[in-house]
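Counting from 132, one number per residue, gives the positions in the sequence shown under our numbering.
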Amino acid sequence: MEIITNLLPLFKEQAMQYGLWETTAAYLVLGVCFIIAWRLPNIINSIKNKGEK
Numbered sequence: 132m133e134i135i136t137n138l139l140p141l142f143k144e145q146a147m148q149y150g151l152w153e154t155t156a157a158y159l160v161l162g163v164c165f166i167i168a169w170r171l172p173n174i175i176n177s178i179k180n181k182g183e184k
């Protein structure tokens with residue numbers, strides 16, 4: 132919950148400067164990149180194991 136309260140002012144400031152849709156799209160892209168980077172080792176291992184079978 133503390134993360135949300137810390138990021139909310141940043142989101143509001145960016146939304147005022149760039150617009151709501153641009154800010155939302157930027158955070159969405161950032162979130163997708165973060166999830167891919169977080170899951171990347173598992174994705175690579177599954178591709179390697181799939182080729183070995």
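Note that beta-carbon positions come from the ideal geometry of N, C-alpha and C, so glycine has one too.
Measuring CB to CB, does Q107 end up less than 9 angstroms from T136?
Past the edges of the chain, shown from 132 to 184, lies residue 107, and the structure says nothing about it.
Give me the Cα-Cα distance between I134 and G182, rounded to the nearest whole angstrom.
40 angstroms
Where do the ends of the alpha helix (DSSP H) carrying M147 lie?
133-149
Straight-line CA distance for R170 to G150?
30 angstroms
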